[in-house]
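What follows is a single structure, written as C-alpha cells, with notes after it.
Chains as they are written, first to last, in my numbering: chain A, 1 to 90; chain B, 1 to 451.
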C-alpha cells in the first residue's frame, strides 16, 4: 500500500489547471484537473501527479504527524537511507 | 519525508530478458499503530493509505471487530461492500480513461492536452466524493467506522451526512445507482447486467468494441490492430483458495516481515486482482484459454469487473425497499452482535477471525486477541491483521496487492520477461513494458529502465 503524503498548494496556474505544491518541503507540479475549487494554501493528497482530493489543515497535520513518526521508526531501525529492499528481506 | 511514499524500480534487460523489481516502499509503516487504541487506528489508517482508502478502512474495521469478538450487522457489511465496489469503479475507470490511453495511443493523448478523458475522470472523482459524503464519511455513522462502544451503531439507516441532515437508505441506494451509471456512460455503453450476459465470448467482445464509442472500446480496437492481445502472457497462477488459517500462520511467524514484503502462496508467486476475480466469467474464461493472461484478457477483466460492480450497485438500488425493512430491523438491535464463529466469506469482502497462533507471535493467549480482515480492493486482495491486548493495538500488519503482483519473480516480472523474449525493439519494449505495468497496476510510482 502506498502512503499518501499531504501536500500544500503554493501556486496555481489557472490556464493550465496546474499547481505547484510543497511535498515535504520539495516543490512539485501537480494537475488540479480532478478536483474543484482548489485554492492556494489548501492541502491535497497527491497521486502520480494528480491532486486527488482536498483535506482539512487539521487532517493534513494529523497525517503528517503520523508520517513523521513512521520516518523516526525507520531511522531507529537504520532503514531510512535506502528504504526497504524487498529482495534483501527475502 | 517524501521518500516514505516509496516507489518501484523496474529494470528490463532486452538481451537476456532479465527483469529485476526492487521496492522502496515502507512496508513497516503500520508499526506506527502499535500502542494506540483501536478506534484511533481505524480513524488514522484510511488517511495514511488513502489511495484505496475505502478498501483499507473496510479491512481495518473487519480486522478490529473480529479481534474484539464483534461483527457488524449484515446491512453494514453490505454497505461496506458497496463502498468498496464504488471505489473499484473509480480506480478501474482511472486506469481505462487516463492511464492506458497514455501508453496505447500516446500520440493521440499528447496531441490533445489536457487529455480528452480528463473531464470524464474529474466527474468520476467528484461523484465518488459526493457518494462518500452521502454515506456518512467523516461522521460517527460512517459504515466504514466500526463501533464497539457508544450508543449508536454504524448502520446505514442512521447515516448523518456532513450537512447534519438525516439520510435514508433510499437516498444512499440512489447515490450508489447514480454512481454506477458512470460505467455505462464511460465504458460499456449498455446496461451492465445486459453487457455481462451478452459479451460472453471473444467474438462478442469484438462486436461490442466495433460499435461502442467509448475510450475502453477504442483501447481494445487498438490492442487488436497492433497484435498485442497476448502481449506479456505468462504462467504465474492466480491467487485462489487462500485460507485464514494459512494467512495467520504466515503473519504470526517470526519471518512475517518477509511474507509482507514478498508474499508467495503454496510455494510460488500468485497474481491477485481483477483478472483473478473475473476468471470465472465466460468471456475471461475464453480469453484465458485462447490468449493467456496477456493484455486483452486484462482489459476484458477490468470491463467485467466494472460490469459486476455497477450491476451490483444498481441491484441494491432496486432492492431499496427490502433494504429499508432490513435497516429498520437492525435499528431495533443497536448493539453489535458477538461474532458467531470464525468464517471467511467466498467474496472475501468481509473479515474473518483467525485461528489464533498466539504462541508463535510471542503473545499471551489470555491477554491478546487477533483479527484478520480481508477486502478485495481494486488492485487485489488486501489483508489486515491486528493484535489487540489491554485495549491497545500491539501489532498491525498489512499485505497489499502490489507485493503479490510486483514480487521480484511474480506476474509482472514474468510478463516483462516474456515481452523481452519476443524480440521487439528497445523502444517498443519500453512502451509495452509501461503498458503491462499499467495493466497490472502498481499503487505507487515506478521508474522503468530498459537496456
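By construction, the Cβ of each residue, glycine as well, lies at the ideal position given by its N, Cα and C atoms.
Judged by DSSP secondary structure, residue 13 of chain A falls outside any alpha helix (DSSP H) and instead within the beta strand (DSSP E) spanning 6-13.
Shown in chain order are the members of the region 45-58 of chain B whose Cβ falls below 9 Å from a Cβ of chain A: 47, 48, 49, 50, 51, 52, 53, 56. In terms of CA proximity to residue 229 of chain B, B:291 leads the group B:291, B:61, B:387, B:64. Residues of chain B with a Cβ closer than 9 Å to the Cβ of residue 35 of chain A are, in chain order, 122, 125, 126, 129.
Taking a Cβ-Cβ cut-off of 8 Å, the neighbours of residue 74 of chain A in chain B comprise 4, 26, 28, given in sequence order. Among the residues of chain A, those whose CB is under 9 Å from the CB of residue 118 of chain B are 17, 31, 33, 34, following chain order. Taking the C-beta atoms as reference points, residue 60 of chain B is found nearer than 8 Å to residue 373 of chain B.
Apart from the 5 residues on each side of it in sequence, residue 417 of chain B sits with its Cβ closer than 7 Å to the Cβ of 17, 19 in its chain, given in chain order.
Classified as exposed, residue 27 of chain A has fewer than 16 neighbouring CB atoms from the shown chains inside 10 Å of its CB. The residue among B:392, B:269, B:281 with its C-alpha nearest the C-alpha of residue 193 of chain B is B:281. Counting only the Cα atoms, residue 258 of chain B lies some 45 Å from residue 190 of chain B. Counting the other Cβ atoms within 10 Å of the Cβ of residue 183 of chain B gives 16 or more, which makes it buried. By the rule that beta-carbons nearer than 8 Å mark a contact, residue 248 of chain B does not touch chain A.
Your pair residue 304 of chain B and residue 285 of chain B does not check out as a contact, with CB atoms roughly 10 Å apart and the cut at 8 Å.
The same chain holds no residue with a CB closer than 7 Å to that of residue 73 of chain A once the five nearest residues on each side in sequence are set aside. For residue 19 of chain A, no alpha helix (DSSP H) encloses it; the enclosing beta strand (DSSP E) starts and ends at 18-23.
In its chain, beyond the 5 residues on either side, 274, 275, 278, 284 have a beta carbon closer than 6 Å to the beta carbon of residue 301 of chain B.
In this structure residue 101 of chain B is not in contact with residue 120 of chain B, their Cβ atoms being roughly 11 Å apart against a cut-off of 8 Å.
With a cutoff of 8 Å on beta-carbon distance, residue 404 of chain B and residue 297 of chain B are scored as not near each other. In this structure the region 408-424 of chain B touches the region 219-239 of chain B; the number of beta carbon pairs closer than 8 Å is three or more. Looking at the DSSP output, residue 436 of chain B sits in no beta bridge, so it has no partner there. Between residue 126 of chain B and residue 36 of chain A, the CB-CB gap stays under 8 Å. For residue 280 of chain B, no pairing in a beta bridge is given by DSSP. Assigned with DSSP and collapsed to three states, residue 407 of chain B falls in coil, not helix or strand. DSSP places residue 32 of chain B in the helix class (H, G or I) of the three-state scheme.
For the pair of segments examined, the region 390-407 of chain B was found not to touch the region 421-434 of chain B: the number of CB pairs separated by less than 8 Å stays below three. Comparing C-alpha distances from residue 226 of chain B to each of B:424, B:22, B:448 shows the shortest one belongs to B:424.
Listed as beta-bridge partners of residue 27 of chain A by DSSP are A:22. Taken in chain order, the complete alpha helix (DSSP H) segments of 4 residues or longer contained in the region 36-90 of chain B are 38-48, 53-67. Taking 7 Å as the cut-off between beta carbons, the residues of the region 31-45 of chain B near chain A are 31, 32, 44, in sequence order.
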